[in-house]
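Okay, structure first, notes after.
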Amino acid sequence: MTYFLNPAVKLHKRSVHGYGTINFITRDGVGDQPLVIDDRALPIIEKLILGKPYFPSDSDREILSRLEEDGVVSKGDAKENWHQPSAESLQFWIQTSDRCNLACTYCYIPSLNSKRTRRHDLFSLFSKKLLAVRGLKTISIKLAGGEPLLSFRDWSGDVIKLKLTLADAGITLNVRIITNLTFLNKEIVEYIKENNFGISVSIDGLATYNDKSRIFPTSNRGSFQVVMRNLEILRANGIKPAVMVTATSENADGMAELVEWLVNNDLVFRISDAKGGYIRPDEFENSFVEVDKILSAPSRVGYPVSDRMVVSDLRTLSPQATPCSMGVSGGALYLDGSIYFCHTEFNDGTPLGTIDEDENLVTIIRRGHSRHLGLSSECKACEYRFICAGGCPLYRVNGKSPMCSAYKRIIPKIFDLYGKEGQNV
4 MTYFLNPAVK
14 LHKRSVHGYG
24 TINFITRDGV
34 GDQPLVIDDR
44 ALPIIEKLIL
54 GKPYFPSDSD
64 REILSRLEED
74 GVVSKGDAKE
84 NWHQPSAESL
94 QFWIQTSDRC
104 NLACTYCYIP
114 SLNSKRTRRH
124 DLFSLFSKKL
134 LAVRGLKTIS
144 IKLAGGEPLL
154 SFRDWSGDVI
164 KLKLTLADAG
174 ITLNVRIITN
184 LTFLNKEIVE
194 YIKENNFGIS
204 VSIDGLATYN
214 DKSRIFPTSN
224 RGSFQVVMRN
234 LEILRANGIK
244 PAVMVTATSE
254 NADGMAELVE
264 WLVNNDLVFR
274 ISDAKGGYIR
284 PDEFENSFVE
294 VDKILSAPSR
304 VGYPVSDRMV
314 VSDLRTLSPQ
324 ATPCSMGVSG
334 GALYLDGSIY
344 FCHTEFNDGT
354 PLGTIDEDEN
364 LVTIIRRGHS
374 RHLGLSSECK
384 ACEYRFICAG
394 GCPLYRVNGK
404 SPMCSAYKRI
414 IPKIFDLYGK
424 EGQNV
């Protein structure tokens, strides 16, 4: 079988801060969305640019299949050019329940505390959809809500069935539970341990900083003490959670203190700016300046910042054309089987499709790809184009992230921390 480079494809190079030179292509008819090319695909594309038919080796076929799916190459035989779309890996947010026992001031789940229940066949239909994806090797799911652990017994068995069904087909299921960790019992702890599932816990600061925004509505008290107690139970059982930190105007001044605690306890963490105007760019930037001071000394003596910290949707570990996988290889599955571009659209947005329809799951996901388009000319020309990628497409203003000014100052600091870390390797 021969392959040809599609005539609309053009190869480009750009110097990117923190990475050096990266290669990417543009494709006519795909708007302004470039595609970053890795070191495995680059030599193949360079050969195809010569305009001669390319006869791939066996090791190249997997790469060419991916490039074909992305519209970069075509097979020489037009009769074989049609196929069901493929994907090696997919990522999904799965809404287990809309029920939640906290009233966080910045919550971005519009369906929160609805009276809807999860359809009984959600996981079985999702399983069938996954099995129909050509070339699928790995699926990563986030079990979320609401608060998923409140409905643990409703979904825990279905997840195990999904894992076993996919394993029989040679597909690996990675599971992570997204929780506020205000509810925990022995059954849940044993379940997480036995199945080696990941767990991510929301903590927005130490003591009062956390309790300004993460509140029990019935008593109006904060959740910090309960979360700390349950966190220690997890750690005593050999479970090491990741920590999700959401920065707002209310807790920005306490961010550095929290990060110092996270470093001392060697926990992986992600600091995200709360979307929707809950923090100003200058507040987020100033908060990270203090975080940088905390991390500077540990990074010089071996603390692996690149393995422990993520900041917002910044692609500081690997350049990408989009800030997230949604619309590319990821989606969000709601209680009724609707598939959304993002979980922040549950109830209020328009679904991309549903698990009941006959269409391939990858095709449904990629209906949302256009959401990533429409970057401002400033973003397209920016040296951080493949790191920030314009920020979350659902919150852009005039084609760029409201946090643009903060990101431009934070990104160099992250790479400086990586550099200090690298001096001790």
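Residues in the sequence shown are numbered from 4 upward in steps of one, following the working numbering.
Glycine included, C-beta positions come from ideal geometry on N, C-alpha and C.
Spatial distance of Ser404 from Val331 (CA atoms): 19 Å
Beta-bridge pairing of Ile342 - partner residues as DSSP gives them: Leu336, Gly356
Boundaries (first-last residue) of the beta strand (DSSP E) holding Leu146: 141 to 147
Contacting residues, own chain, Cβ-Cβ under 6 Å from Pro37 (five flanking each side not counted): Phe27, Thr29, Ala324
Other residues of its chain near Asn9: CB distance less than 8 Å, five sequence neighbours each side excluded: Arg30, Gly74, Val75, Val76, Ser77
Ala245 beta carbon less than 9 Å from that of Gly208: no
Reduced DSSP secondary structure (H/G/I, E/B, other) of Arg156: helix
Whole-Å CB distance - Ile282 paired with Ala255, under 8 Å assumed: 6 Å
Tyr57 - partner residues in DSSP beta bridges: Tyr6
Nearest-angstrom beta carbon gap, Lys189 and Ile242 [assumed within contact, 8 Å]: Not a contact, Cβ separation roughly 13 Å.
Residue interval of the beta strand (DSSP E) (run including Asn289): No beta strand (DSSP E) holds Asn289; the alpha helix (DSSP H) holding it covers 284 to 303.
Sequence-distant residues of its chain with Cβ nearer than 7 Å to Tyr343 (five each side left out): Gly334, Ala335, Tyr337, Phe349, Gly352, Pro354, Leu355
4-residue-minimum alpha helix (DSSP H) runs that sit fully inside the stretch 249 to 280, ordered along the chain: 258 to 267
Pro88 versus Val308, Val365, Lys145, residue with shortest Cα-Cα distance: Val365
Distance, Leu128 Cα to Ser205 Cα: 30 Å
Residue closest to Asn104, alpha-carbon to alpha-carbon, out of Thr182, Arg318, Pro113: Thr182
Helix, strand or coil at Ala245 according to DSSP, with G and I counted as helix: strand
Nearest neighbour of Glu71, chosen from Tyr6, Thr108, Met247, Arg369 [CA to CA]: Tyr6
Cβ-Cβ distance between Cys327 and Cys382 below 9 Å: no
Validate contact between the stretch 166 to 178 and the stretch 212 to 231 using beta carbons, cut 8 Å, 3 pairs: no
Candidates Val292, Asn240, Glu253: closest to Ala259 by CA position: Val292
Nearest to Val314 (by Cα), restricted to the options Leu14, Leu234, Met406: Met406
Delimiting residues of the beta strand (DSSP E) encompassing Phe27: 23 to 30
Start and end residues, beta strand (DSSP E) containing Met434: The requested residue 434 is not part of the displayed model; the chain covers only 4 to 428.
Inter-stretch contact (C-beta, 8 Å, three-pair minimum) for the stretch 111 to 118 and the stretch 385 to 395: no
Counted within 10 angstroms of its Cβ, other Cβ atoms place Glu424 as buried (16 or more) or exposed: buried
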